[in-house]
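Novice: For the sequence shown, position 437 matches number 437 in full-length UniProt numbering, and the numbering has no gaps at all.
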Amino acid sequence: MGLQLITPNLLACLFYALLFAQVTSVTEGTEVKVSTTPVFPMIPRNQAHKDFQMLLRVEAPTAADLNVRFSIDLVVVVDVGEGENLNLVKKAMKFAIRQLNDKDSLTVVSTINNPEELKNFSTHIGGRRRIAEKKVDQLRGRDNAHRTWEETLKMLNSQPESSLDGRERFIMLVTDNNSSRYNVTEMLLMNFQYSVHTFGLGTAHDPSVLQLIAARSMGTYSFLDDDNLHKLDGALALCLGGLTSVVTTVGTRVMLDAAIDGGAKITKIDSGGYPSYIYENTSGEIIIRALYAGEVRNFIVHLNVPAAKPDFVADTGVCRNQQLLLIANLVGPNIEAGSIQDLLIVQRPKTTVLPIVPYPIVVNQIFQFQVLEMVDIFIAEEIKETKDEKDDDEETKDDKDDNNEETKDKEEEEEEDNDEEKSRSKRKRKLGNKLKRKMDKLVMEHKFSIGLNLGVGGLPSVISTVALVLTAVGSVATSAIALSLLSSLMMQRPTAMGSPNLVIDAFLTMEMRLKQQMAIKVNGTAECDYSCIDPVPPSLFVLGEDNTYHFNSEAYQGILSTDEINQMMSKLYQENAPKNIFIQKKEQKRSAMLRSRKGLVKANSLNQCPATPTSDEQQPEQQQ
1 MGLQLITPNL
11 LACLFYALLF
21 AQVTSVTEGT
31 EVKVSTTPVF
41 PMIPRNQAHK
51 DFQMLLRVEA
61 PTAADLNVRF
71 SIDLVVVVDV
81 GEGENLNLVK
91 KAMKFAIRQL
101 NDKDSLTVVS
111 TINNPEELKN
121 FSTHIGGRRR
131 IAEKKVDQLR
141 GRDNAHRTWE
151 ETLKMLNSQP
161 ESSLDGRERF
171 IMLVTDNNSS
181 RYNVTEMLLM
191 NFQYSVHTFG
201 LGTAHDPSVL
211 QLIAARSMGT
221 YSFLDDDNLH
231 KLDGALALCL
241 GGLTSVVTTV
251 GTRVMLDAAI
261 DGGAKITKID
271 SGGYPSYIYE
281 NTSGEIIIRA
291 LYAGEVRNFI
301 VHLNVPAAKP
311 DFVADTGVCR
321 NQQLLLIANL
331 VGPNIEAGSI
341 QDLLIVQRPK
351 TTVLPIVPYP
361 IVVNQIFQFQ
371 VLEMVDIFIA
381 EEIKETKDEK
391 DDDEETKDDK
401 DDNNEETKDK
411 EEEEEEDNDE
421 EKSRSKRKRK
431 LGNKLKRKMD
441 KLVMEHKFSI
451 GLNLGVGGLP
461 SVISTVALVL
471 TAVGSVATSA
481 IALSLLSSLM
491 MQRPTAMGSP
501 NLVIDAFLTM
511 EMRLKQQMAI
521 KVNGTAECDY
531 SCIDPVPPSL
541 FVLGEDNTYH
551 FNSEAYQGIL
561 STDEINQMMS
571 KLYQENAPKN
581 IFIQKKEQKR
591 SAMLRSRKGL
601 VKANSLNQCP
611 ATPTSDEQQP
621 EQQQ
């Protein structure tokens, strides 16, 4: 199929990727960044703060800024029956083959009996995509006589890293099978060496088991309902966009050390699905594993900060009246010790300076973890409780059948079962309304919080959308959507919640958007030729009926906003510009290179007019 059928959204996304890469390639650098932001800029010297919250932010460079990327060893374990679902999986696997890089390897298996069998199913992508596709065509449906995927996962996790030829291994599990027969306790004890990203197809699988595997391995759980099974490649694209742009290895973590003279104690770490540890309240760590290009990980660290001593003297290396509380270091196999770190410094004035306004970026992250806690409690109290009731009913019925204690005839049994199922479905539909009420209550509690984003595009609107979907789905779908939402909030990554179109947009990276647009293009087709693209992208601005130009929101919806355009222009104007933006003629090369690292203002030695900040733009007052 030729590229003349590429959608405008795809071209818009490609154009945005190129434009954004040009603007940010110099300003953002090529390394992962670690930053710390206190909830308040200062703590009066004579006051203690028993729960002083700090935002710890780990930010990966965009894909355009990467000097190198890690090659991956992707293993896909398929547990689906023969039929249409298997055909959809094969189609999605062929899509994945086209998205992987030449240095990657792909293994697609149903079950394996020993590690040596992996070699027969594994393919190095470079120059062998057709071979990989033929292996996918040979894939067969579920055979109960074979080993279960539970045993396959154990075998994969037991393999040493030395067998991967320097690649980073990731595992995908795709299943439409009810997995409730598996030993959950044994899975809890399993040592997951590699992240497992699970995909549940339809309403026949057990979402709680797949979410458990994903959570234990630091992977994600995605769900496709019966009406969206044909969008499996779109769900895989969300995951592939990250896996094909790995920035850090699986051994990456953040080390926290309280400053010796600061007296602060680390009391708690909010890290979602990322394991965190505190050692004697003086140090701690957060396990991050792999980080994808363009991703940001946000954590909240709680500190107990004592009052400063009367003879307080500022720490060496910081300004007068400032105090060093904590040091954050990013460590990993490919990270030089001490090369990526940040210091948490707060002001300790002698007297209280009012008003002390919290930083919005910290307030919003605190709220996000509160939403995560609310969803987790909702699932434990509502979803799992209802599931346990259903399991108890089925177990009681089985016992009666086994002991021949059931006296009703077959028609009466079926009628009773139908009534019970209708009752359960009614309870499930009410769950969506309960979730919305819980979200509304949380919003009301923070209605007057300064800097909190409760508007369109924020988490409340996302939860409300999910709640609306829950009111219209059945039993298993309700659990699956709720658990995939939980997985997304825990890992701060997008997951398909019934459909790849229902995701938390804030967690999408540019690479994920590109892969998702590619999936939309190839959906329903066998192959695609990416040998050419249209000469120009859609216009950013189009002439309207009122004879004025307007932003082309139809072509760039969900890809590029006017705010992002303003940010890019600001970088060109004020900050670093692309290296060769001023080079128009060969004889101008020397002078251009001198200005290539500066924005238009600095490059031309212009005096900037003093800014008059608005009330919304005013930052908390800081004293030096």
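Even glycine gets a Cβ: it sits at the ideal position worked out from N, Cα and C. A quick note: this is a predicted structure, and the numbers were derived from the prediction, not measured.
Please return the same chain residues whose Cβ sits closer than 8 Å to the Cβ of residue 251, not counting the five positions on each side in sequence.
Specialist: Within the same chain, residue 251 has close Cβ partners 289, 332 and 333.
Novice: Look at residue 475 and residue 211 and say whether their C-beta atoms are less than 9 Å apart.
Specialist: The answer is no: Cβ separation not under 9 Å.
Novice: For residue 81, I'd like the list of residues in its chain whose CB is within less than 6 Å of its CB, leaving aside the five on either flank, ordered along the chain.
Specialist: Answer for residue 81: 141 and 142, listed in chain order.
Novice: Across which residues does DSSP place residue 33 in a beta bridge pair?
Specialist: Note: residue 33 sits in a beta bridge opposite 59.
Novice: Quick one: what's got a C-beta closer than 7 Å to residue 382's C-beta in the same chain, skipping five residues either side?
Specialist: So the list reads 431 and 434, once near-sequence residues are dropped.
Novice: Does the beta-carbon distance from residue 465 to residue 502 come in below 9 Å?
Specialist: Yes, these two residues count as a Cβ contact at 9 Å.
Novice: Helix, strand or coil: how does DSSP classify residue 552 here?
Specialist: Of the three classes helix, strand and coil, the one that applies to residue 552 here is coil, per DSSP.
Novice: Pull up the DSSP beta-bridge partners for residue 285, would you.
Specialist: Answer is 255 and 277, bridged to residue 285.
Novice: My parser needs the alpha helix (DSSP H) runs of 4 or more residues fully inside the region 176–236; what are they?
Specialist: Listed in chain order, the complete alpha helix (DSSP H) runs (minimum 4 residues) inside the region 176–236 are 184–189 and 207–217.
Novice: Could you please give the first and the last residue of the uninterrupted beta strand (DSSP E) stretch that includes residue 297?
Specialist: It spans 296–305 - the beta strand (DSSP E) in which residue 297 sits, taken as one unbroken run.
Novice: Could you please give me the residues that DSSP links to residue 292 through a beta bridge?
Specialist: In DSSP, residue 292 forms a bridge with 246.
Novice: If you drop the 5 nearest sequence neighbours on each side, which residues of the same chain put their C-beta closer than 6 Å to that of residue 122?
Specialist: Excluding sequence neighbours, residue 122 sits near 105 and 107.
Novice: Given a threshold of 16 other Cβ atoms within 10 Å of its Cβ, counted over all protein chains shown, does residue 177 qualify as buried or as exposed?
Specialist: So residue 177 counts as buried.
Novice: Under 8 Å by Cβ, that's how I've got residue 278 and residue 369 pegged, so tell me the actual separation to the nearest angstrom.
Specialist: Residue 278 to residue 369, Cβ: 16 Å. No contact.
Novice: Residues in the same chain with beta-carbon distance under 8 Å from residue 469, minus the five sequence neighbours each way, listed in chain order, please.
Specialist: 432, 481, 497, 498 and 502.
Novice: Would you check if there are 3 or more beta carbon pairs closer than 8 Å linking the region 267–283 to the region 235–246?
Specialist: These segments do not touch.
Novice: Look up residue 487 in the DSSP assignment and say whether it is helix, strand or coil.
Specialist: Note: residue 487 maps to helix in three-state DSSP.
Novice: Ignore the nearest five residues each way along the sequence and tell me which others in residue 361's own chain have a CB closer than 7 Å to its CB.
Specialist: So the qualifying residues of the chain are 37 and 55.
Novice: Are the region 208–227 and the region 191–199 in contact at 8 Å, needing three or more beta carbon pairs?
Specialist: These segments touch.
Novice: As a quick exercise: from 295, 518 and 357, pick the residue whose alpha carbon is nearest that of residue 96.
Specialist: Among 295, 518 and 357, the Cα nearest to that of residue 96 is on 518.
Novice: Could you work out which residue in 207, 336 and 209 is closest to residue 253 when comparing CA atoms only?
Specialist: For residue 253, the nearest C-alpha among the options comes from 336.
Novice: Specify, as a first and last residue, the run of the beta strand (DSSP E) that residue 464 falls within.
Specialist: Premise fails: residue 464 lies in the alpha helix (DSSP H), 459–470, not in any beta strand (DSSP E).
Novice: Determine, using beta-carbon pairs with one atom in the region 349–357 and one in the region 38–58, whether at least three such pairs fall under 8 Å.
Specialist: In short, these stretches touch, since the Cβ pair count reaches three.
Novice: For residue 169, count neighbouring C-beta atoms within 10 Å of its own C-beta (all shown protein chains included) and say buried if the count is 16 or more, exposed if not.
Specialist: Counting Cβ neighbours within 10 Å, residue 169 comes out buried, since at least 16 surround it.
Novice: Pull up the DSSP beta-bridge partners for residue 122, would you.
Specialist: Beta-bridge pairing links residue 122 to 107.
Novice: I need the DSSP call for residue 448, collapsed to helix, strand or coil.
Specialist: Coil.
Novice: What is the C-beta distance between residue 265 and residue 258, in whole angstroms, given that I count them as a contact (C-beta under 8 Å)?
Specialist: Indeed they touch by this definition, with Cβ atoms about 7 Å apart.
Novice: Quick test of your reading: residue 625 and residue 340, contact by CB under 8 Å. State the CB separation rounded to the nearest angstrom.
Specialist: Residue 625 lies beyond the residue range present for the chain, which begins at 1 and ends at 624; the question has no answer from this structure.
Novice: For residue 101 versus residue 248, is the C-beta distance shorter than 9 Å?
Specialist: Against a cut-off of 9 Å, the Cβ pair of residue 248 and residue 101 comes out as no contact.
Novice: Using a Cβ-Cβ cut-off of 6 Å (strictly less than) and excluding sequence neighbours within five positions of residue 491, which residues of its own chain qualify?
Specialist: Within the same chain, residue 491 has close Cβ partners 220 and 273.
Novice: So what does residue 168 bridge to, in DSSP terms?
Specialist: DSSP output for residue 168 lists 72 as bridge partner(s).
Novice: Is residue 40 helix, strand or coil by DSSP?
Specialist: Coil at residue 40, not helix or strand.
Novice: Drop a sphere of 10 angstroms on the beta-carbon of residue 444, count the other beta-carbons inside from all chains shown, and report buried for 16 or more, exposed for fewer.
Specialist: It is exposed - the Cβ of residue 444 has fewer than 16 other Cβ atoms within 10 Å.
Novice: Closer than 7 Å by C-beta to residue 94: which residues in its own chain qualify, once you throw out the five before and the five after it? Chain order, please.
Specialist: The answer, listed in chain order, is 133 and 136.
Novice: Looking at residue 153 and residue 213, is the spacing between their C-beta atoms short of 9 Å?
Specialist: Yes, Cβ-Cβ distance for residue 213 and residue 153 is below 9 Å.
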